[in-house]
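In this note's numbering, the protein residues as written are 885 to 1052. The beta-carbon is built from N, C-alpha and C at its ideal position, and this holds for glycine as well. Right, one structure below, let's go through it.
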């Protein structure tokens, strides 16, 4: 997702992509300045987009990155064999957010079901029943092709901006 957004964002609207490699995954992040959003309560809007590995093994990395978070996109792997890991990752996200003083039920939160093009992708109804009991906004995606990527980003950005305008 982040690599697609970075590659398809105007050069003047983004900072440098940083990649921190771990043993088996990478954490990617970059500044993103959407030029059309203007100011909110006197502040220029800037997004810092991060992606972190979902495995519970990377708990410490996630905790650090979740400090000061304004919104979260949970990217689920749609493959049937990843269902248990998805559930574990959502619960770990909830725990990590709680340790930072956040409640997943109260912050801007959307879900993206990635890898929808794979033959072993679980049915959407099953994914939603398992991962989205609150029925938050959710999106199907094929990240390398860009399918669903900007829809997901726009949805979480809109939720975040709504919260910022409230002054919470």
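- In the DSSP annotation of this structure, the continuous segment of the beta strand (DSSP E) that includes residue 995 starts and ends at 993-998.
- Counting along the chain, no beta strand (DSSP E) covers residue 971; the unbroken alpha helix (DSSP H) around it starts and ends at 967-983.
- Residue nearest to residue 982 within the set 928, 952 and 1051 is 952 (criterion: CA-CA distance).
- For the options 887, 927 and 1000, the alpha carbon positioned closest to that of residue 1049 is the one of 927.
- The C-alpha of residue 1021 is placed about 16 Å away from the C-alpha of residue 954.
- Its chain contains 1023 as the residues whose beta carbon lies nearer than 7 Å to that of residue 1035, once the 5 sequence neighbours on both sides are disregarded; these appear in chain order.
- One thing to note: residue 1006 has its Cβ no nearer than 8 Å to the Cβ of residue 1044.
- Cβ-Cβ distances below 8 Å link residue 943 to 976 and 980 in the same chain, with the five nearest sequence neighbours on each side left out; the list follows chain order.
- Beta-bridge pairing by DSSP links residue 1024 to 997.
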